[in-house]
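> Below is the structure I would like to discuss, written out as structure tokens.
There are 2 protein chains.
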Amino acid sequence: MHSVLVASRSAEQRDSREPRRDSKEPRNGTPQLDAVSLAIVQQLQEDGRRPYAAIGKAVGLSEAAVRQRVQKLLDQGVMQIVAVTDPLTVGFRRQAMLGINVDGDLDPVADALTAMSEVEYIVITAGSFDLMVEVVCEDDDHLLEVINKRIRTLPGVRSTESFVYLKLKKQTYMWGTR
Amino acid sequence: MHSVLVASRSAEQRDSREPRRDSKEPRNGTPQLDAVSLAIVQQLQEDGRRPYAAIGKAVGLSEAAVRQRVQKLLDQGVMQIVAVTDPLTVGFRRQAMLGINVDGDLDPVADALTAMSEVEYIVITAGSFDLMVEVVCEDDDHLLEVINKRIRTLPGVRSTESFVYLKLKKQTYMWGTR
DNA sequence: GTCGTAGCTTGCGGATTTCGCAGCAAGTTT
DNA sequence: AAACTTGCTGCGAAATCCGCAAGCTACGAC
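Chains as they are written, first to last, in the working numbering: chain E, 51 to 228; chain B, 51 to 228.
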């Protein structure tokens, strides 16, 4: 998806409002961004500190409007502006993906995992695992302890399979920026 | 705001000189952030737009020093400051984790995957998969095309197993913030 | 029709932040 | 020893952020 509505270099006559779709889709609770907010998000995916005025020039809004929309996007939790790092450079030398199978309801297990600071990522999946989680640890001992002592002992956890990371090849945050 | 020169600094940053290795640019294995830069990263993980002066106050450095260190961290690629979103709210309704097994060298396959914009995350693992990758697609058709037409046809790919995401339960970016 | 709401624009100041640069105090090299 | 490097501080100047106000348009409800 490129060129949402850029090219409106001169923001004067943006009055040619494109045919607004059903403006808001009250589907299952998802706010559903419009094209302009999407463009703002893309700008901030390139540089989370880009000034509002520069974003406004790029997407065809005033500085104040960009400011309001960014604030709203943050408040609504649609996006967050954060520093992301390579865990290896911050002292976490052992990472692993875990495939987990659960007896009965997934939610109690998922909630218990959510509470663990070493668990970075939890997703409920279809397929031969019920849950896939990513754990970030300082060293092998730490990883072993998390998996064997803290996760495999959770009630409901039937089995786990570990995939220890050898090398991270790609990691992007460019959702929506294709 | 004038400098409060009492204060005696929250962190005893002076002695934070760690035993430096003789080479200042180590291999990609351990760039090894010092404690102050780590604290800066943590500040920016909480809020990527936090002002340098506020960070400086928190970590015990001047505004200019923080600015220089942040710039260096960005230039070195140790961290990036970006907006991250929930893919679902940006129009990507189908995500999946793929476990891939490869014949022979992994790198050509990994490089081909890296070039695909739908592939968000690639890691080489130990365990019953050689590679685990995360794909982000717009819908089922898109996902099917990526998996069957683009990934499974790559030379060297022996087999794949898919784990379609049903629900994302946790996603944090707090590495180093424990 | 009127009314109210929501969102954008322009404009404005003042507070804050960013940015570049000149110094300075280490440590390292020659 | 001097010369160089690295990292920090301090300080102006420029840019940005932020709140606010008034006016405008589109749109939905009454």
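Beta carbons are placed, not taken as given, at the ideal position from N, Cα and C, and that holds for glycine.
Which one of B:Lys-107, B:Thr-139, B:Ala-176 and B:Asp-180 has the shortest CA to CA distance from B:Arg-23?
What is shown of chain B runs 51 to 228, which leaves residue 23 of chain B out entirely.
> Is the Cβ of B:Leu-204 closer than 7 Å to any Cβ of chain E?
Taking Cβ atoms only, chain E never reaches closer than 7 Å to B:Leu-204, which makes this a no.
> Could you tell me the distance, in whole angstroms, from the CA atom of E:Glu-211 to the CA atom of E:Met-147?
8 Å
> Taking Cβ positions, are B:Gln-95 and E:Val-132 nearer each other than 7 Å?
For the pair B:Gln-95 and E:Val-132, the CB atoms are nearer than the 7 Å cut-off.
> Given a cut-off of 7 Å on the beta-carbon distance, is the pair E:Val-159 and E:Val-169 in contact?
Not a contact, by the Cβ cut-off of 7 Å.
> Straight-line CA distance for B:Gln-126 to E:Asp-136?
11 Å
> In this structure, how does DSSP classify E:Ser-209 when only helix, strand and coil are distinguished?
Strand, per DSSP.
> Identify every run of the beta strand (DSSP E) within the stretch 128-157 of chain E, keeping only runs that are complete inside it and at least 3 residues long; order them along the chain.
The qualifying runs are 129-135 and 144-152.
> What does the alpha-carbon distance come out to for the pair B:Arg-200 and E:Arg-144?
Answer to the nearest angstrom: the Cα atoms are 31 Å apart.
> Which residues, in order along the stretch 86-100 of chain E, keep a beta-carbon less than 9 Å from a beta-carbon of chain B?
Leu-88, Ile-90, Val-91, Gln-92, Gln-93, Leu-94, Gln-95, Glu-96, Asp-97, Gly-98 and Arg-99
> Kindly say whether B:Leu-194, judged by its beta-carbon, lies nearer than 7 Å to any beta-carbon of chain E.
Taking Cβ atoms only, chain E never reaches closer than 7 Å to B:Leu-194, which makes this a no.
> Leaving out five residues on either side along the sequence, give the residues of the same chain with a beta carbon under 7 Å from the beta carbon of B:Asp-190.
Arg-144
> Please determine, among B:Met-166, B:Ser-87 and B:Asp-161, the residue with the shortest C-alpha to C-alpha distance to E:Gly-141.
B:Ser-87
> Show which residues of chain E have a CB atom less than 9 Å away from the CB atom of B:Arg-106.
The residue asked about is misnamed: residue 106 of chain B is Gly in this sequence, not Arg. Those do not exist, as B:Gly-106 stays about 16 Å from chain E at its closest Cβ, beyond 9 Å.
> Give me the Cα-Cα distance between B:Gly-177 and E:Val-214, rounded to the nearest whole angstrom.
7 Å
> Along the stretch 128-146 of chain B, where does the CB come closer than 9 Å to a CB of chain E? Name the residues.
Val-128, Met-129, Gln-130, Ile-131, Val-132, Ala-133, Val-134, Thr-135, Asp-136, Pro-137, Leu-138, Thr-139, Val-140, Gly-141, Phe-142, Gln-145 and Ala-146
> Are the Cβ atoms of E:Thr-222 and B:Val-128 separated by less than 7 Å?
no
> Are B:Gly-98 and E:Gly-98 close, meaning C-beta to C-beta below 7 Å?
yes
> Do E:Leu-83 and B:Val-173 have their C-beta atoms closer together than 7 Å?
no
> Could you work out which residues of chain E lie near B:Gly-177, taking near to mean beta carbons separated by less than 8 Å?
Glu-211, Ser-212, Phe-213 and Val-214
> Please report the straight-line C-alpha distance between E:Val-91 and E:Arg-100, rounded to a whole angstrom.
11 Å
> Whose C-alpha, out of E:Leu-124, E:Leu-204 and E:Ser-167, is nearest the C-alpha of B:Lys-220?
E:Ser-167
> Can you round the beta-carbon distance between E:Gly-206 and E:Val-134 to whole angstroms, since I take them to be within the 8 Å contact cut?
That pair is no contact at about 32 Å.
> For the alpha helix (DSSP H) holding E:Tyr-230, just list the boundary residues, first then last.
There is simply no residue 230 of chain E to check, as chain E begins at 51 and stops at 228 in what is shown.
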